[in-house]
Amino acid sequence: MSDRATGVIHETRTRDYEGHLLEVEDLQVEFRTPYGVVNAVNGISYTLDPGETLAILGESGSGKSVSAQAIMGIIDSPPGFVTNGSIRYKGRDLLKLPESEKRAVRGREIAMIFQDALTALNPVFTVGFQIGEMFRVHRGASRQEAKQKAIELMDRVRIPSAKERVGDYPHQFSGGMRQRVMIAMALSLDPDILIADEPTTALDVTVQAQIMELLDDLQSETGMGLILITHDLGVVADVSDRLAVMYAGKIVETGSVYDVYGNPAHPYTEGLMASIPRINQKGEDLSPIRGAPPNLMRIPPGCPFHPRCPYARQRCTEEVPPLYEVSADRRSACHYWEEVISSKEPQRG
Amino acid sequence: MVDATAEVAEQPTPAGEPILSVRNLVKHFPLTQGILFKKQVGAVQAVSDVSFDLYPGETLGLVGESGCGKSTTAKLLLRLETATSGQAMYKGRDIFTMNKKELRALRRNIQIVFQDPYASLNPRMTVGDIISEPWDIHPGVVPKKEHGKKVKELLEVVGLDPGHTNRYPHQFSGGQRQRIGVARALALNPEIIILDEPVSALDVSVQAQVVNLLEKLQNEFGLAYIFIAHDLSVVRHISDRVAVMYLGKIVEIGRQQEVYEKPSMPYTQALLSAVPVPDPRARENKKRIMLQGDVPSPANPPSGCRFRTRCWKAEDICAEETPALIDRGQGHPSACHFAEIEEIVATESA
Chain A
106 MSDRATGVIH ETRTRDYEGH LLEVEDLQVE FRTPYGVVNA VNGISYTLDP
156 GETLAILGES GSGKSVSAQA IMGIIDSPPG FVTNGSIRYK GRDLLKLPES
206 EKRAVRGREI AMIFQDALTA LNPVFTVGFQ IGEMFRVHRG ASRQEAKQKA
256 IELMDRVRIP SAKERVGDYP HQFSGGMRQR VMIAMALSLD PDILIADEPT
306 TALDVTVQAQ IMELLDDLQS ETGMGLILIT HDLGVVADVS DRLAVMYAGK
356 IVETGSVYDV YGNPAHPYTE GLMASIPRIN QKGEDLSPIR GAPPNLMRIP
406 PGCPFHPRCP YARQRCTEEV PPLYEVSADR RSACHYWEEV ISSKEPQRG
Chain B
227 MVDATAEVAE QPTPAGEPIL SVRNLVKHFP LTQGILFKKQ VGAVQAVSDV
277 SFDLYPGETL GLVGESGCGK STTAKLLLRL ETATSGQAMY KGRDIFTMNK
327 KELRALRRNI QIVFQDPYAS LNPRMTVGDI ISEPWDIHPG VVPKKEHGKK
377 VKELLEVVGL DPGHTNRYPH QFSGGQRQRI GVARALALNP EIIILDEPVS
427 ALDVSVQAQV VNLLEKLQNE FGLAYIFIAH DLSVVRHISD RVAVMYLGKI
477 VEIGRQQEVY EKPSMPYTQA LLSAVPVPDP RARENKKRIM LQGDVPSPAN
527 PPSGCRFRTR CWKAEDICAE ETPALIDRGQ GHPSACHFAE IEEIVATESA
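Structure below.
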């Protein structure tokens, strides 16, 4: 995605900060429930640059959505608490900002879209009103101006006959069109970062293709950074530049999508790749990862993946693996990553 | 390609009598208006004229997007919904005209596993009770004394700990619950299992475990599967033959390699091209057919070919004449006046 996005477009954006557009460092989030503390995110770090697409890949309960909610500052607290780390947006730590300044960033500079567009939209207001609300609240636009802006945005996300549909309610739209409405709202204030949390999971595959193409086009137009949160290895391969694989609240592998897919350096990534059927081959037996993901209240000691890992040995049960440097822009949280990367065939669990 | 043809030779067209023959299956759900005096104002044509055969021991994949009628078809076959018209012959008897007693026997032989392993297991029953309940309904399959022993056997067959018979569904993970659903379906030694999106709710790493289990059980017990799913990769992996549905109709049907490697109906081609391939190197040389707009409402489907409103090949004839599901020289039936094979997914030898 970035090849098209880099170049002229985002040079027009003024760059008045040092380092990366977004830098998440050692982020930890926990939920204090009556049953115990759920360690949802356990020290993750990543960066995002303008025009770049970073995919965060993980299964349910891996902490991928919670980490994004922490960036947006929309974690329900209590029970959720960010217990450590920093989230620097253009050099400023969002976690240390007073609520009023956080509000100014949220929505205006960092926007988010969700999996379920129907529950994310208010059923009793027209979509035009809801898109226009952004302009009324953040820019003080009049109702008439806001409606005009809403129509423009609906055109931009390619909702057919936007003028006629601006007065329709969410239930009158199909799933794909609702997600377009969400995207229109997210883009209304021209954010620098868009976080898309499973944006196409609830959609059919042909509609998914339409939405991913739309996001791709919009990113090229605006030069925004995109964080794509998904469990779908196909979607990640299709659109992202870099990838972070999450397991039990930790990033276990990160690198360019070509490198990681070409030859995984973490047993979990390798296991995922071996467990999906491919459309372009009938294939033999799938090699699933044995067992199930851990309960986040009782994460195994040492490497959290060790009970399911075919490479695991004594050391893995005792010593938490750091993110080892595999190459300049690639990391793996496996003591034996060299062994994993040199294995041709995925080992069976 | 060489490998693929070799595989064709290994899997000849299913021989013998079909175990299940569905002909011209139609299901319309009435749309009514008014509260006290309900007046029918139209009908959602969920399934329109669907015909297919299922052979013993094979897996027929049913793919299509939401609302295409694939789950309704499944419910009709078990008479969980009443068909508007059509026939479904199981061993020479029409399912839709069976009386209560015959229906009970039928449901012993055709079982179903549902998508949501959280909603389809009674949270107040133990796993042992869930799996043995079919034997209370169909006495004579397993004598009461042996229930406990047989439950343990079934749990072992589906890869669960036989010691867990007294646990409740909430004590199991999603993948384990789906195994319980499979064990329950196996309890009556059925010939056919209808799997309605059995792995869609599961995580990728767990999904593969259940798919492998289903394949193992099929080999062991000679089961025939109707595998309903929207994930085309999973369907290809598990199916011998595949039927593609669009707006209540089967638009293309054939052996797995025919449908995936030689799709000839434009909708099948678009569907296949939309599936993201988990290989970033495939990005550049990928053909992608982007469909415009949404699926039309099944309450008011387009005349003629139902796909014509979104089809790039559509001509006048498509609006006037419904294309028959026949072989127009491409080797397998496809419902398109202008059927033409186009390779969409470059097949790698596995």
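Chains as they are written, first to last, in the numbering used here: chain A, 106 to 454; chain B, 227 to 576.
Note that the Cβ used here is the ideal one computed from N, Cα and C, for glycine as well.
message = Taking its Cβ as the centre, do 16 or more other Cβ atoms sit within 10 Å of residue 242 of chain B, making it buried, or is it exposed?
response = exposed
query = residue 366 of chain A versus chain B: which residues are under 9 Å apart at the beta carbon?
reply = 504, 505, 506, 507
query = So what does residue 422 of chain B bridge to, in DSSP terms?
reply = B:454
query = How is the beta strand (DSSP E) around residue 455 of chain A delimited, first residue to last?
reply = Outside the shown range of chain A (106 to 454) lies residue 455 of chain A, about which nothing can therefore be said.
query = To the nearest whole angstrom, what separates the beta carbons of residue 222 of chain A and residue 329 of chain A, a pair I think is in contact under 8 Å?
reply = With a Cβ gap of about 19 Å, residue 222 of chain A and residue 329 of chain A do not count as contacting.
query = Starting from residue 416 of chain A and walking both ways along the beta strand (DSSP E), at which residues does that stretch end?
reply = Counting along the chain, residue 416 of chain A falls outside any beta strand (DSSP E), and DSSP gives it neither H nor E.
request  = To the nearest angstrom, report how far apart residue 123 of chain A and residue 196 of chain A are at their CA atoms.
outcome  = 6 Å
ask   = Which term fits residue 184 of chain A, buried or exposed, when burial requires 16 or more other beta carbons within 10 angstroms of its beta carbon?
value = exposed
Minimum Cβ-Cβ distance from residue 340 of chain A to chain B less than 8 Å = yes
ask   = Among residues of its own chain, excluding the 5 on either side of residue 553 of chain B, which ones have a beta-carbon nearer than 7 Å to its beta-carbon?
value = 559
message = Does chain A have any CB closer than 8 Å to the CB of residue 422 of chain B?
response = no
task = Just the C-alpha distance for residue 334 of chain A and residue 310 of chain B, rounded to the nearest angstrom, thanks.
result = 43 Å
query = Short check: CB of residue 476 of chain B to CB of residue 278 of chain B, under 8 Å?
reply = yes
task = Check the Cβ of residue 381 of chain B against every Cβ in chain A and list those closer than 8 Å, keeping chain order.
result = In chain order: nothing, as chain A lies at least about 17 Å away.
Close beta carbons around residue 110 of chain A, own chain, < 6 Å, minus the five adjacent residues each side = Model confidence at residue 110 of chain A stands at a pLDDT of 41, short of 50, so the residue's coordinates are unreliable; what they give is reported in the following sentence. Excluding residues within five positions, the ones whose Cβ falls inside 6 Å are 156, 324, 325, 328.
query = Listing by chain order, which chain B residues have their CB less than 7 Å from the CB of residue 281 of chain A?
reply = 520
ask   = Straight-line CA distance for residue 408 of chain A to residue 346 of chain A?
value = 27 Å
Proximity below 8 Å, CB of residue 341 of chain B to CB of residue 457 of chain B = no
Beta-bridge pairing of residue 314 of chain B - partner residues as DSSP gives them = B:248
request  = Measure from the alpha carbon of residue 294 of chain B to the alpha carbon of each residue in B:252, B:260, B:333, B:324, then state which is nearest.
outcome  = B:252
Length at least 3, wholly inside the segment 460-510 of chain B: the beta strand (DSSP E) runs in chain order = 467-472, 475-481
Contact under 8 Å by Cβ, residue 339 of chain A with residue 270 of chain B = no
message = Pop quiz: residue 128 of chain A and residue 193 of chain A are said to be a contact at Cβ under 8 Å. What is the actual Cβ separation, rounded to whole angstroms?
response = 4 Å
key: residue 358 of chain B burial status per 10 Å Cβ neighbour count (16 or more: buried)   = buried
query = In three-state DSSP terms, what is residue 342 of chain A?
reply = helix
inquiry  = Looking at chain A, is there any beta carbon in it that lies within less than 8 Å of the beta carbon of residue 291 of chain B?
reply    = yes
message = What does DSSP give as the partner residue(s) for residue 432 of chain A in the beta ladder?
response = A:435
task = Would you please verify whether the beta carbon of residue 393 of chain A is less than 8 Å from any beta carbon of chain B?
result = yes
task = Would you mind working out which of B:515, B:514, B:516, B:533 sits nearest residue 522 of chain B, comparing C-alpha positions?
result = B:533
ask   = In this structure, does DSSP put residue 368 of chain A in helix, strand or coil?
value = coil
task = Decide if residue 267 of chain B is buried, meaning its Cβ has at least 16 other Cβ atoms within 10 Å, or exposed.
result = exposed
query = At a CB-CB cut-off below 7 Å, which residues of chain E make contact with residue 565 of chain B?
reply = Absent from the structure is chain E; the protein chains it does hold are A and B.
query = Since residue 184 of chain B sits in a beta bridge, which residues does DSSP pair it with?
reply = Within the shown structure, residues of chain B are numbered from 227 to 576, placing residue 184 of chain B beyond reach of any answer.
request  = Determine the chain A residues that contact residue 435 of chain B at a beta-carbon separation under 7 Å, and present them in chain order.
outcome  = 393
task = Could you pull out every residue in the same chain whose Cβ sits closer than 7 Å to the Cβ of residue 145 of chain A, ignoring the five residues on either side in sequence?
result = 134, 135, 136, 168, 171, 354, 401
key: residue 311 of chain A, DSSP secondary structure in three states   = helix
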